[in-house]
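Residue numbers (my numbering): 3 to 84.
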(Lines of atoms letter the chains of each structure in order from A and count residues from 1; the text may use other names and numbers.)
(Lines give C-alpha, C1' and ligand atoms only; values in the text may rest on other atoms or scores of the structure.)
Protein backbone atom coordinates (compact mmCIF):
# COMPACT_ATOMS: atom_id res chain seq x y z
CA UNK A 1 0.00 0.00 0.00
CA UNK A 2 1.10 3.56 -0.57
CA UNK A 3 0.92 4.34 3.14
CA UNK A 4 3.72 1.84 3.71
CA UNK A 5 6.16 3.45 1.28
CA UNK A 6 7.70 5.93 3.74
CA UNK A 7 8.38 3.32 6.44
CA UNK A 8 9.77 0.92 3.82
CA UNK A 9 12.12 3.57 2.41
CA UNK A 10 13.32 4.49 5.89
CA UNK A 11 13.76 0.83 6.89
CA UNK A 12 15.80 0.11 3.76
CA UNK A 13 17.85 3.27 4.44
CA UNK A 14 17.30 4.51 0.91
CA UNK A 15 17.81 8.13 1.98
CA UNK A 16 21.53 7.40 2.38
CA UNK A 17 24.25 7.06 -0.19
CA UNK A 18 24.02 7.60 -3.91
CA UNK A 19 20.52 8.49 -4.95
CA UNK A 20 19.48 9.45 -1.43
CA UNK A 21 18.66 13.01 -2.39
CA UNK A 22 16.60 11.85 -5.37
CA UNK A 23 14.75 9.41 -3.15
CA UNK A 24 14.06 12.10 -0.55
CA UNK A 25 12.70 14.44 -3.22
CA UNK A 26 10.55 11.67 -4.70
CA UNK A 27 9.08 10.76 -1.32
CA UNK A 28 8.30 14.42 -0.61
CA UNK A 29 6.55 14.73 -3.97
CA UNK A 30 4.62 11.49 -3.39
CA UNK A 31 3.43 12.72 0.02
CA UNK A 32 2.44 16.06 -1.50
CA UNK A 33 0.36 14.43 -4.24
CA UNK A 34 -1.26 11.91 -1.90
CA UNK A 35 -2.31 14.73 0.40
CA UNK A 36 -3.52 16.88 -2.51
CA UNK A 37 -5.93 14.15 -3.62
CA UNK A 38 -6.82 13.50 0.04
CA UNK A 39 -5.91 9.85 -0.10
CA UNK A 40 -7.22 8.14 3.04
CA UNK A 41 -4.54 8.17 5.70
CA UNK A 42 -4.77 7.13 9.32
CA UNK A 43 -3.40 9.30 12.11
CA UNK A 44 -0.37 7.06 12.66
CA UNK A 45 0.63 7.22 8.99
CA UNK A 46 0.05 11.00 8.89
CA UNK A 47 2.33 11.50 11.89
CA UNK A 48 4.99 9.26 10.37
CA UNK A 49 4.82 11.28 7.14
CA UNK A 50 5.11 14.46 9.17
CA UNK A 51 8.26 13.17 10.89
CA UNK A 52 9.78 12.23 7.53
CA UNK A 53 9.03 15.68 6.13
CA UNK A 54 10.52 17.29 9.23
CA UNK A 55 13.80 15.50 8.52
CA UNK A 56 13.68 16.54 4.87
CA UNK A 57 13.06 20.21 5.72
CA UNK A 58 16.37 20.22 7.60
CA UNK A 59 18.25 18.81 4.59
CA UNK A 60 21.13 21.06 3.41
CA UNK A 61 20.01 20.89 -0.24
CA UNK A 62 17.57 23.71 -0.94
CA UNK A 63 15.62 21.73 -3.54
CA UNK A 64 14.88 18.98 -0.99
CA UNK A 65 13.87 21.52 1.64
CA UNK A 66 11.50 23.27 -0.77
CA UNK A 67 9.94 19.96 -1.81
CA UNK A 68 9.42 19.10 1.86
CA UNK A 69 7.80 22.48 2.54
CA UNK A 70 5.39 22.00 -0.39
CA UNK A 71 4.51 18.52 0.87
CA UNK A 72 4.07 19.78 4.42
CA UNK A 73 1.68 22.47 3.19
CA UNK A 74 -0.52 19.88 1.47
CA UNK A 75 -0.24 17.37 4.31
CA UNK A 76 -1.32 19.90 6.93
CA UNK A 77 -4.28 21.04 4.81
CA UNK A 78 -5.44 17.49 4.13
CA UNK A 79 -4.92 15.72 7.43
CA UNK A 80 -4.36 18.25 10.21
CA UNK A 81 -7.08 20.84 9.63
CA UNK A 82 -10.74 20.74 10.46
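Where is the CB? At the ideal position from N, CA and C, for every residue including glycine.
By the criterion of a C-beta distance shorter than 6 Å, residue 72 is surrounded in its chain by 34, once the five residues flanking it on both sides are discounted.
Beyond the five residues adjoining it in sequence on each side, residue 80 comes within less than 6 Å, by CB distance, of 37 and 40 in the same chain, given in chain order.
Of the residues assessed, residue 83 falls on the exposed side of the cut-off, its CB having fewer than 16 other CB atoms within 10 angstroms. In this structure, the straight-line span from the alpha carbon of residue 44 to that of residue 58 is close to 21 Å. Under the 10 Å beta carbon count, residue 69 is surrounded by 16 or more other beta carbons and is classified as buried.
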